[in-house]
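Numbering (the numbering used here), first residue to last: 5 to 100.
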């Protein structure tokens, strides 16, 4: 009878398996003042408190200058060179 009912109702077999496991676990739990009853909510979120530990990672090598700063300096150098007169020609002559 039990097997026929389990074949018709798939959740029924899982229910009985969970019940047998719970009975086995409850038998292994200590009784008395040191025993705590586990309470799991039927709905909502289940939260777990965990102490955060320190995790050591490899150090990351960071550039001394950012890519955008290097591009800006390169543009400034190009602007300075463009504003400078060519070396072969004389610049404006000083007026006496």
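The C-beta atom is built at its ideal place from N, Cα and C for all residues, glycine as well.
Output the residue ranges of the alpha helix (DSSP H) runs that lie fully inside the segment 54 to 84 and measure 4 residues or longer, sorted by chain position. none
Close Cβ partners of residue 76 (< 6 Å) along its chain, the five nearest in sequence each way excluded: none
Run through DSSP, which three-state label would residue 51 get? coil
Can you give me the C-alpha to C-alpha distance between residue 82 and residue 66, rounded to a whole angstrom? 26 Å
For residue 69, which option in 61, 78, 57 and 63 has the closest C-alpha, if you only look at C-alpha atoms? 78
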